[in-house]
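Novice: My questions will all concern the structure given below.
2 protein chains.
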Amino acid sequence: MPTIYQVSELAGVSLSSVSRVMNNHEHVSEKTKAKVMAAMAELDYRPNFTARSLASNCSNSIGVLVAEISGPFYSDILSGVESELSNANKHAVIVSGGCDEKKELDAIQFLIDRNCDALILCVDFISDEYLIKLSKGSTKVVIINRYIAEISDNCIFISNLLGSYQATKYLLENGHSNIAYISGPLWKIDAIDRFNGYKKAFTDSGIDFDEALTFEADYTTIGGREGMLSLLKNKKPFTALVCANDEMASAAMRVARENNVRVPQDCSIIGFDNVYFSAYLFPQLSTIENPINKMARMAVLWVLKNRYNQKDIVIQNQFDTELVLRESTQVYVEKT
Amino acid sequence: MPTIYQVSELAGVSLSSVSRVMNNHEHVSEKTKAKVMAAMAELDYRPNFTARSLASNCSNSIGVLVAEISGPFYSDILSGVESELSNANKHAVIVSGGCDEKKELDAIQFLIDRNCDALILCVDFISDEYLIKLSKGSTKVVIINRYIAEISDNCIFISNLLGSYQATKYLLENGHSNIAYISGPLWKIDAIDRFNGYKKAFTDSGIDFDEALTFEADYTTIGGREGMLSLLKNKKPFTALVCANDEMASAAMRVARENNVRVPQDCSIIGFDNVYFSAYLFPQLSTIENPINKMARMAVLWVLKNRYNQKDIVIQNQFDTELVLRESTQVYVEKT
DNA sequence: CATGAAATTGGTAGCGCTTTCAAAACATTG
DNA sequence: CAATGTTTTGAAAGCGCTACCAATTTCATG
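One line per chain: the protein sequences are A and B, in this order.
Position 125 of the first sequence, counted from 1, bears residue number 125 in this note's numbering, the numbering being contiguous throughout.
Position 316 of the second sequence, counted from 1, bears residue number 1316 in this note's numbering, the numbering being contiguous throughout.
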């Protein structure tokens, strides 16, 4: 592997000059630039990434922490991050957080120890306080899918409340009034917000919602199945169901079918996130579009702006949700 | 940030000694070890990853190249790789290959330039010749989901042929004889192998397969939809369908439903890969289990063994497929 | 107690690059 | 043409660590 030194020798200039042309510095004459380029080409020189990182204190690597690597939701984030990062000729170091606070903290430390220039975090277990402190530190941090007032500039988020509000409101406006809800785990902030959106839609319509039509699950298909089973067993009738994510909605649809509840004729169902397989389901799932891929890309732009000083980038912190109507919903029709 | 130098000062030992305890070298007395550890703790010392990489010529980072980051198939790979790598206290640099040879080549160069210690590749466009040459180079390379005879030790793979053979054979043995097939793009090696498995099942059963019941698609739902539409339009009757992957099978099921073809009563369908959403579908998809996550983990073990000299690891190069029967298949019953 | 071998330690030269700083070369003005 | 300012260049000091080598200490043995 040729080094900068061999290049400088062949080109007949100093190390510094080679470095300057590598880094596109100003104040290099066309003549030396040409000589250096020629020498680089001849030697098939490739800069040593690690050495550059060490000397410049800039690794061009961005740490990305998500709860899990697979799963439609997170892989959408990763895909957005990777694609945007590679445009910028930087790269991601991706780690998964696992399922408790300690693991998330360890993962963050791991990324910092790897000299990541900045971190993109998608975390559930870590406290606001820690994140606030972290973002005051020397490593830049941007947080996806979570809003923390004190560091709102570092957050890229949707209004989860608005999302489920849109879903519930739509059902309410289309004649449904007994609308069940399967929530995510209520220690997660987004799950709380989504639940609150459901409630708010009722409040705004002047209708009381029924606690008994509500079930706290865990965002998984297993939880969704349990939830729907429990709701059905309750014997409290309902003609529509809002689920806090698409996984649970898909499980609920399956349980409905197993119990001869037709979707949407007997029960309309709306999910949340619009993960790609929601359109593969039967019936295709109506859901709330969550522009998670766009947010991930924006997080990268945030890093470009705030860590790599690309000043002209403008950051959009909040993104909009949107109701996507497919086959799993219909207007309420009174049973004869 | 404290450096090894401050640690050595505080501990009253030399740089070398600090380095030795950091790296768990033998021949360090308990006494100095204790002193160093104490100093490290007091300073909250964290080794500089980049500096270590440069000095030791070992970055502890493994480049991973997949065609795309999201999608159930690839994210399963990434998830396996990440999890196994983090056990080994190493990390992945993940990039996606895009959809042509040039991008894949660029991606590989990118990873090599980042001083990755080894590469885990999952590539379609790059030629066998290039991979053979690459694997002779100084960067270790392991290839997932592809078999190249000349470098079979570097390959972790299944028999794609066997997989679709199992699927087709099962249908044949259960009374079906008009079995359609929707293949992947036939310039991909795995798609060819899978198609050959389908044919071989017929040959072995002494039945001729019907070219007209065959459609070349592209592994996407769009292609699957086209394929099923075309097959149905053909008017050549068939009572079963094997698809070269689950995405296409899910699309085929949807088309079937739209055309009042009941699955499995009128048409049994089998997919390939057993991606996680195949169990979410209705009916749940029978499919061929592809242990892609296990293979990904094995690829990491391969790297541990071949690049990091963990001699005692034993590598399994070939993995088995398996028929997973769910709701989309049934025994053939003659129409009355 | 001398001896040699083994264990332990410190000194130092890099790893391949960036980044000051000052010197040299060049250009501009009155 | 001198005086001044402006580019352009090279020398050298690191970035924080590893790894080699040589020096020192320790220990068992005859």
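The beta-carbon is built from N, C-alpha and C at its ideal position, and this holds for glycine as well.
Fair warning: this is a prediction, and the values are worked out from it, not measured in the lab.
Among E289/A, I132/A, D208/A and E226/A, which one has its Cα closest to the Cα of G184/A?
Specialist: E226/A
Novice: Under 7 Å between the Cβ atoms of A1092/B and L1065/B?
Specialist: no
Novice: In chain order, what residues of the same chain have a beta carbon less than 7 Å from the beta carbon of N154/A, not counting five sequence neighbours either side?
Specialist: Result list for N154/A: S135, V141, V142 and I143, in chain order.
Novice: Check this for me: beta carbons of F1215/B and I1182/B, under 7 Å apart or not?
Specialist: yes
Novice: Does any CB atom of chain B fall closer than 7 Å to the CB of N115/A?
Specialist: Taking 7 Å as the threshold, the shortest C-beta distance from N115/A to chain B falls below it.
Novice: So, is T203/A buried or exposed, given that buried needs 16 or more other C-beta atoms within 10 angstroms?
Specialist: With fewer than 16 Cβ atoms within 10 Å of its Cβ, T203/A is classed as exposed.
Novice: So, for P1047/B: in the same chain, excluding its five sequence neighbours on each side, which residues have a beta-carbon less than 7 Å away from its beta-carbon?
Specialist: M1022
Novice: So which residues of chain B does I94/A contact, with C-beta pairs closer than 7 Å?
Specialist: E1082, A1092 and I1094
Novice: Tell me whether I1270/B is buried or exposed, calling it buried when 16 or more other Cβ atoms sit within 10 Å of its Cβ.
Specialist: buried
Novice: Any contact between the region 1107-1127 of chain B and the region 1049-1065 of chain B? By contact I mean 3 or more CB pairs, one from each, below 8 Å.
Specialist: yes
Novice: Rounded to the nearest angstrom, what separates R52/A and Y45/A at their Cα positions?
Specialist: In a straight line, the C-alpha of R52/A is about 14 Å away from that of Y45/A.
Novice: For E308/A, would you say it is in contact with chain B, using Cβ-to-Cβ distances shorter than 7 Å as the test?
Specialist: Note on residue identity: the sequence assigns Tyr, not Glu, to residue 308/A. Judged by the 7 Å Cβ criterion, Y308/A is not in contact with chain B.
Novice: Give the range of the alpha helix (DSSP H) segment to which Y181/A is assigned.
Specialist: Careful: Y181/A lies outside any alpha helix (DSSP H), inside the beta strand (DSSP E) at I179 to S183.
Novice: Please say whether N245/A and Y280/A have beta carbons closer to each other than 7 Å?
Specialist: Annotated as distal: Y280/A and N245/A, with beta-carbon spacing of 7 Å or more.
Novice: Taking the C-alpha atoms as reference points, what is the distance between L1162/B and C116/A?
Specialist: About 44 Å.
Novice: In whole angstroms, what separates the C-alpha of N1024/B from that of Y130/A?
Specialist: 32 Å
Novice: For V1142/B, which of helix, strand or coil comes out of DSSP?
Specialist: strand
Novice: Answer with yes or no whether the minimum CB distance from F1282/B to chain A is below 7 Å.
Specialist: Chain A, which has a Cβ nearer than 7 Å to the Cβ of F1282/B, makes this yes.
Novice: Can you tell me whether DSSP reads G63/A as helix, strand or coil?
Specialist: strand
Novice: Shortest alpha-carbon distance to L1285/B belongs to which of I1292/B, R1297/B, S1268/B and M1298/B?
Specialist: S1268/B
Novice: Closest to G1197/B by C-alpha separation, out of C1243/B, T1221/B and K1236/B, would be which residue?
Specialist: Among C1243/B, T1221/B and K1236/B, the Cα nearest to that of G1197/B is on C1243/B.
Novice: Quick one: what's got a C-beta closer than 6 Å to K1200/B's C-beta in the same chain, skipping five residues either side?
Specialist: Y1165
Novice: Between I69/A and chain B, is there a C-beta pair that is closer than 7 Å?
Specialist: yes
Novice: If you measure beta-carbon to beta-carbon, which residues of the region 51-63 of chain A are closer than 7 Å to chain B?
Specialist: A51, S53, L54 and S59
Novice: Which runs of the beta strand (DSSP E), 3 residues or longer, sit entirely within the region 47-118 of chain A?
Specialist: The region 47-118 of chain A contains these whole beta strand (DSSP E) runs: 61-66 and 91-96.
Novice: Do I1156/B and N1317/B come within 7 Å of each other at the CB atom, strictly closer than that value?
Specialist: yes
Novice: Cα separation between K1169/B and E173/A?
Specialist: The alpha-carbon separation between K1169/B and E173/A amounts to approximately 53 Å.
Novice: Rank D1273/B, L1085/B and P1283/B by C-alpha distance to the C-alpha of R257/A and give the top, closest one.
Specialist: P1283/B
Novice: Could you check whether the region 25-40 of chain A touches the region 1035-1045 of chain B, counting it as contact only if at least three pairs of C-beta atoms, one from each stretch, sit closer than 8 Å?
Specialist: no
Novice: Would you report the Cα separation of G137/A and V1018/B, rounded to the nearest angstrom?
Specialist: C-alpha of G137/A to C-alpha of V1018/B: approximately 27 Å in a straight line.
Novice: Can you pull out the residues from the region 1220-1237 of chain B whose beta carbon lies closer than 9 Å to at least one beta carbon of chain A?
Specialist: Those residues of the region 1220-1237 of chain B placed with their C-beta closer than 9 Å to a C-beta in chain A are T1221, ordered along the chain.
Novice: Would you list the one or two residues that DSSP bridges to S268/A?
Specialist: A240/A
Novice: Would I1158/B pass as a contact of F1319/B if the rule is Cβ separation under 7 Å?
Specialist: Yes.
Novice: Sorted by chain position, which residues of the same chain lie with C-beta nearer than 8 Å to D128/A's C-beta, five sequence neighbours on each side aside?
Specialist: I148 and E150
Novice: Given that D1076/B touches chain A, what residues does it touch there, using C-beta distances under 8 Å?
Specialist: S70
Novice: How would you call M1/A, buried or exposed, if buried means at least 16 neighbouring beta carbons within 10 angstroms?
Specialist: Looking at its Cβ environment, which holds fewer than 16 other Cβ atoms inside 10 Å, M1/A is exposed.
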